[in-house]
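Q:
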Amino acid sequence: MTGPIVAIVGRTNVGKSALLNRLAGRRIAVVADLPGTTRDRVFAFVSWQGRELTVVDTGGWQGEPQGSLEKKVRQQVDAAIAQADVIIFLVDVKDGAIAADEEIADVLRAANKPSILTVNKVDSAKQANQVADFYRLGMGQPVAISAHHNVGIDDLMNAVLACLPPQPVSIVEQAEAKVAIVGRPNVGKSTLLNALLGDERAIVHESPGTTRDSLDVIMRWDNKEILLVDTAGIKRRGRVDAGVDYYSLLRALQAINRCDVALLLMDASEFITAQDMHIAGYIIEVGKGMVLLVNKWDLIPQEHRQRFKQSLERRMRFASYTPIIYLSAKLGQGIKKILPQAWEIRQERQRQIPRAKVDELVKQAVSSYPPPRAGSRRLHIARAYQDESQAATFILEVNDPKSVHFSYRRYLENKIRQGFGFRGVPLRLIFTKATRKINKRMDVRVS
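Per the working numbering, residue 4 is the first one in the sequence shown, and the count goes up by one each step.
Right, here's the structure in full:
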């Protein structure tokens, strides 16, 4: 149920990272760089013609790696080939088809995966004529591109889609609400899934990392159809190995991207870790609803619980709008609170506020507490309204978007929450330049 994986494979310096950045940077993409998990941006979630894809960059191919680092890179490339649904085989027109390219072509033919031979750095008519040289790799018709100059990208991505089977119409994806259970390894995600279902649907084992992929289950609750997704544990940076671990991470992030509400499960016996906060930050970054679930609450002595709650709320103050449920998945305590809370947040995330009400509230907030001056000018908000196409997103047209201070942004966000709710949902405030006509009216009032 997760999007197809497209791996970019090739030698060093053929432009693999440039191609990934091109796809991620032109807003067909949401770049998925989970803080604390990956040091470099090595994958991106890309939406092309309505199809959700995960594009993965790999290290430079070496036929016979010598050192330990080269061997790890080769393992990563091999894992990418094994896990990919489609492979972009990237070569450099300036080098021509060399022996290393022929080695990669042999490996890809043996893997029997759909592969698209892509010739990069084609920046002139002379280089375009050299593309025919790559037919001798035996990988079919090459696609000529220039990742740096954004040439041929449409042709490449259309070729990628042509290699994929038609997207099935999924009953699962038509569920009324999609809820993902996420968190670090061994915090009890599969146990929680089983407790919610009342059935042993997921493998539960004390060794961390039992769940290697996302597990989708449809359930009926309160006459509603809910998709529950159990995911592999999201490990912290430095502990994500090439191969299964890395692709389990991708599947977990894909699950967050397609859910309405993420249930972030934490282990009370370990308190809240930096990685818990990193995962919460990613959920907020992609604009999903969130419930914080503190599992194994039965292990915390009664006399320590109040201090625990205070410490948790202090560390998670950047998500203070998020409800917290204390539970024991193993004992079934607190389980009945989860789905009602998730459904409520799903409803909040779909809330649409009339334009006039948003504009009135924001202008009242500005009147009560005017923004500070930025140099010789003061921020003026011409109008404010909710974006109808994005969840919990508000557009504020102002005279100078660059003059919006972080603290004033937070003030306006708090006012919107006080007026309209959105509990458990991250708000996104987008400040745009007001029209010249409105700007002139504002300048007249200022003078």
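Ideal Cβ positions, reconstructed from N, Cα and C, are used throughout, including at glycine.
If you're wondering where the values come from, they're calculated on a predicted model, not measured in any experiment.
Look up glycine 246 in the DSSP assignment and say whether it is helix, strand or coil.
A: Reliability fails at glycine 246, whose pLDDT of 49 lies under 50, so the model's placement of it is uncertain and no value is given.
Q: Can you tell me whether serine 331 is buried or exposed? The criterion is at least 16 other CB atoms within 10 Å of its CB, across all chains shown.
A: The residue in question, serine 331, is buried, as its Cβ has 16 or more Cβ neighbours within 10 Å.
Q: Is DSSP giving arginine 380 helix, strand or coil here?
A: DSSP places arginine 380 in strand when its eight states are reduced to three.
Q: Could you name each continuous alpha helix (DSSP H) segment of 4 residues or more that falls completely within the region 299-328, going from the start of the chain to the end?
A: List check, alpha helix (DSSP H) in window: 308-318.
Q: What residues in its chain sit with their C-beta under 6 Å from that of proline 452, if we drop five residues either side in the sequence?
A: Any question about residue 452 goes unanswered here, given that the chain covers just 4 to 450.
Q: Just the Cα atoms here: how many angstroms apart are arginine 376 and leucine 315?
A: Taking the straight line from one Cα to the other gives about 36 Å.
Q: Mark proline 429 as exposed unless 16 or more other C-beta atoms lie within 10 angstroms of its C-beta, in which case mark it buried.
A: It is buried - the Cβ of proline 429 has at least 16 other Cβ atoms within 10 Å.
Q: By alpha-carbon positions, which one of His281, Phe274, Arg380 and Phe321 ends up nearest to histidine 307?
A: Ranking His281, Phe274, Arg380 and Phe321 by Cα distance to histidine 307 puts Phe274 first.
Q: Determine, using beta-carbon pairs with one atom in the region 78-95 and one in the region 128-136, whether at least three such pairs fall under 8 Å.
A: Touching, no.
Q: Return no unless some Cβ of chain B is closer than 9 Å to the Cβ of lysine 312.
A: Protein chains in the displayed structure number just one, and chain B is not present.
Q: Please classify valine 185: does DSSP put it in a helix, a strand, or coil?
A: Here valine 185 sits in strand by DSSP.
Q: For the alpha helix (DSSP H) containing isoleucine 287, list its first residue and its last residue.
A: Its alpha helix (DSSP H) spans residues 277-288.
Q: Go ahead and pull the three-state DSSP assignment for aspartate 104.
A: It is helical.
Q: Alanine 183 and leucine 453 - do their beta-carbons sit closer together than 9 Å?
A: Coverage of the chain is limited to positions 4 through 450, which leaves residue 453 absent and any answer about it impossible.
Q: If you check the beta carbons only, do leucine 167 and arginine 54 fall under 9 Å apart?
A: Yes; because the gap between Cβ atoms is below 9 Å, this pair is in contact.
Q: On the CB-based measure, 16 or more other CB atoms within 10 Å of its CB, does arginine 349 come out buried or exposed?
A: Label assigned to arginine 349: buried.
Q: Within 10 angstroms of the Cβ of proline 374, are there 16 or more other Cβ atoms? Answer buried if so, exposed if not.
A: That one is buried.
Q: Give the DSSP-derived three-state secondary structure of tyrosine 388 in the structure shown.
A: Looking at tyrosine 388 - three-state DSSP - the assignment turns out to be strand.
Q: Check whether the Cβ atoms of leucine 382 and lysine 418 sit closer than 9 Å, and answer yes or no.
A: No, these two residues do not count as a Cβ contact at 9 Å.
Q: Can you pull the DSSP bridge partners for leucine 3?
A: With the chain covering only 4 through 450, there is no way to say anything about residue 3.
Q: Keeping to the same chain, check which residues put their C-beta closer than 7 Å to that of phenylalanine 46; ignore five residues upstream and five downstream.
A: Correct list, in chain order: Ala35, Thr57, Val58, Val59, Asp60 and Leu253.
Q: Could you give the DSSP three-state label for valine 58: helix, strand or coil?
A: Strand, per DSSP.
Q: For the pair the region 183-203 and the region 273-291, tell me if three or more CB-CB distances fall below 8 Å.
A: Touching, yes, given that three or more Cβ pairs across the two stretches are closer than 8 Å.
Q: Which residue's Cα is closest to the Cα of alanine 147: Gly186, Lys181, Gly99 and Ala103?
A: Of Gly186, Lys181, Gly99 and Ala103, the residue nearest in Cα terms is Gly99.
Q: Measure the C-alpha to C-alpha separation of threonine 234 and alanine 258 and round it to an integer number of angstroms.
A: Those two C-alpha atoms are separated by around 7 Å.
Q: Report the option in Met319, Met160 and Gln421 whose CA atom is closest to the CA atom of glutamine 52.
A: Cα-wise, what sits closest to glutamine 52 is Met160.
Q: Among Asp301, Val297 and Ala322, which residue has its Cα nearest to the Cα of arginine 413?
A: Cα-wise, what sits closest to arginine 413 is Ala322.
Q: Excluding five sequence neighbours on each side, which residues of the same chain lie with their C-beta closer than 7 Å to the C-beta of leucine 334?
A: Closer than 7 Å at Cβ, skipping near neighbours: Asp301.
Q: Is the CB-CB distance between alanine 283 and lysine 227 below 9 Å?
A: No, the pair does not count as a contact, with Cβ atoms beyond the cut-off.
Q: Near glycine 6, which residues of its chain fall below 7 Å by C-beta distance, leaving aside the five closest residues on each side in sequence?
A: Here the set comprises Glu55, Leu56, Thr57 and Gln257.
Q: Can you tell which of Phe434, Phe409, Tyr388 and Arg352 has the C-alpha that lies nearest to the C-alpha of asparagine 402?
A: Among Phe434, Phe409, Tyr388 and Arg352, the Cα nearest to that of asparagine 402 belongs to Phe434.
Q: Buried or exposed, going by whether 16 or more other CB atoms sit within 10 Å of the CB of serine 410?
A: So serine 410 ends up on the exposed side.
Q: Would you mind sorting aspartate 451 into buried or exposed? The rule is 16 or more other CB atoms within 10 Å of its CB.
A: Any question about residue 451 goes unanswered here, given that the chain covers just 4 to 450.
Q: Quick one: Cα of leucine 26 to Cα of arginine 310, how far?
A: Roughly 47 Å between the two C-alpha positions.
Q: Taking just the CA atoms, how far does alanine 103 sit from valine 289?
A: Roughly 39 Å separates the two Cα atoms.
Q: What residues match up with isoleucine 119 in a beta bridge as DSSP calls it?
A: Paired residue(s): Ile91.
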